[in-house]
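**Student:** In case it helps, the working numbering puts the sequence shown at residues -9 to 241.
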Amino acid sequence: MASPALAERMSQLKPEGLSIAGKAETENIGIEKIIQNTLAMPALRTLILCGNDSEGHFAGQTLEALVKNGVDQNGRVIGSKGRKPVLTNVSGDEVEAFRSQVQIVNLIGCLDEAVILNEIASRKGQREEVLMNTSAGTFKDILPMVTKPQPASTPNILVAAYKDPNQVKLDKEGYFVIVPKAETGHILVEHYSNQNELLHIIQGENARDLYWTILEGGWVSELSHAAYLGKELMAAELSLKYGFKYFQDKA
């Protein structure tokens, strides 16, 4: 279930009887996408699980458990070994419709193309289209033939809105000046109050360590400021990595 190269190979081979080859790596969102797209293609009846299962997530085992056992009242897949096999974005009716629509063929762990192709060929006479899942996660992105709309539970896509940088709310905790030091490979971050008093100097080698230090220090109170700071720290880190000159952007 965590073998994307196998999914790609099956897509290229296009054996007769194969409807789609895809991947999924998570025991929650990945499976939700499989459910939604399967329900949009009612001719699909067989789901072949092959390739290595996703470590820690057990998406393949979870999918098999879902078809066999369903979910509890909290949407948790009964019998799953995954870390968080909770289906939040599909309804109970959608889960039951999916369970009644498909049957599972468990070839988890199988990377042998000949075995998989033989399984597909053995089902051609049943007049069923075969849905293949060879790794669990971006299933929805590889279903170009889906023409029916997604279930009503799918949220609307929001268009990102322009925000005038001159209208950004000032952070009461102050502001930061970011100074990459190419000669040492470090990034210096100077923290000032809104009265321009230098409060702290933080030194680090990467954006992640720096922003966690700042956040844990309680030196940011606005979400927009935190997002801006993360963006700028990453730009500073990349400037050291690739050798370009860093100019700090306005908020």
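Heads up, the beta-carbon is just placed ideally off N, CA and C, and yes, glycines get one too.
Compare the beta carbon distance of V61 and I94 with 8 Å and say whether it is the shorter of the two.
**Tutor:** No. Outside cutoff.
**Student:** Would you report the Cα separation of A197 and L228, rounded to the nearest angstrom?
**Tutor:** Answer to the nearest angstrom: the Cα atoms are 9 Å apart.
**Student:** As an exercise, report each continuous alpha helix (DSSP H) stretch of at least 4 residues that is fully enclosed by the stretch 140 to 207, in chain order.
**Tutor:** Counting only runs of 4 or more, we get 197 to 206.
**Student:** Considering only residues of the same chain and omitting the five flanking positions on each side of L200, which have a CB-CB separation below 8 Å?
**Tutor:** Once the five neighbours on either side are set aside, the close Cβ partners of L200 are I177, V179, I192, G194, L223.
**Student:** Is it a yes or a no for the stretch 14 to 23 touching the stretch 72 to 84, going by three-plus beta-carbon pairs under 8 Å?
**Tutor:** Flag = yes, the stretch 14 to 23 and the stretch 72 to 84 touch.
**Student:** Ignore the nearest five residues each way along the sequence and tell me which others in A216's own chain have a CB closer than 6 Å to its CB.
**Tutor:** Closer than 6 Å at the Cβ level, and outside the excluded window around A216, lie V210.
**Student:** Measure the C-alpha to C-alpha separation of S214 and T52 and round it to an integer number of angstroms.
**Tutor:** Each residue's alpha carbon lies about 38 Å from the other.
**Student:** Excluding sequence positions up to five away, which residues of its chain have a Cβ less than 6 Å from the Cβ of H190?
**Tutor:** Only H181 meet the Cβ criterion.
**Student:** Label E187 either buried or exposed according to how many other C-beta atoms from any shown protein chain fall within 10 Å of its C-beta, with 16 as the threshold for buried.
**Tutor:** Exposed: under 16 other Cβ atoms inside 10 Å.
**Student:** With the cut-off set at 8 Å, would you say L97 and E109 are in Cβ contact?
**Tutor:** Yes; because the gap between Cβ atoms is below 8 Å, this pair is in contact.
**Student:** Answer yes or no: do D161 and E212 have a C-beta to C-beta separation smaller than 8 Å?
**Tutor:** In contact: D161 and E212 (Cβ atoms closer than 8 Å).
**Student:** Is it the case that the Cβ atoms of V92 and L37 are separated by a distance below 8 Å?
**Tutor:** Contact flag set, yes.
**Student:** In angstroms, rounded to a whole number, what distance separates the CA positions of E173 and F234?
**Tutor:** One C-alpha to the other measures close to 13 Å.
**Student:** Could you tell me whether the Cβ of G194 comes closer than 8 Å to any Cβ of chain D?
**Tutor:** Of the chains in the structure shown, none is chain D; there is only one protein chain.
**Student:** Tell me where the alpha helix (DSSP H) around S112 begins and ends.
**Tutor:** No alpha helix (DSSP H) contains S112, which DSSP labels as neither H nor E.
**Student:** Would you tell me roughly how many angstroms separate the C-alpha atoms of L3 and E103, rounded to the nearest one?
**Tutor:** Using only the alpha carbons, I get a separation of about 10 Å.
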